[in-house]
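Participant: Quick one: the structure is below, questions incoming.
Numbering (full-length UniProt numbering), first residue to last: 1 to 111.
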């Protein structure tokens, strides 16, 4: 296997791990969807998968990931434009975080 193929394959696997990791972290309430870590993981994950997909001629996937990178770029610019973005769960004074709420209930405990 030549170095180019190895690099493209590694980028594909790392991109996949970044996208799944970002989704898992938001779902678990560990990061906020508008936070910098989530946006960076999506931007780089989509970019790496775009390179992998284009190299192998999987054009629908490459275009999907190009759009993903565009969305991630906008999110990153917005996240960087806000002060105090930590990437942690969003909290409202006096309310529990989304991560603390029971499954199927909102942050304030409503059904």
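Virtual Cβ for every residue (Gly too), placed ideally from N, Cα, C. Quick caveat, the model's predicted, so the values are computed rather than measured.
(1) From this set, 33, 5, 53, which residue's C-alpha is nearest residue 62's C-alpha?
(2) Can you grab the Cα-Cα spacing for the pair residue 3 / residue 76, in whole Å?
(3) In the structure shown, what three-state DSSP assignment does residue 34 receive?
(4) In chain order, what residues of the same chain have a beta carbon less than 6 Å from the beta carbon of residue 47, not counting five sequence neighbours either side?
(5) Does DSSP classify residue 58 as helix, strand or coil?
(6) Taking buried to mean at least 16 other C-beta atoms within 10 Å of its own C-beta, is residue 83 buried or exposed?
Facilitator: If we stick to the structure as given:
(1) 53
(2) 31 Å
(3) coil
(4) 69
(5) coil
(6) Low local confidence applies: a pLDDT of 48 at residue 83 is under 50, so the model's placement there is unreliable, and no value is given.
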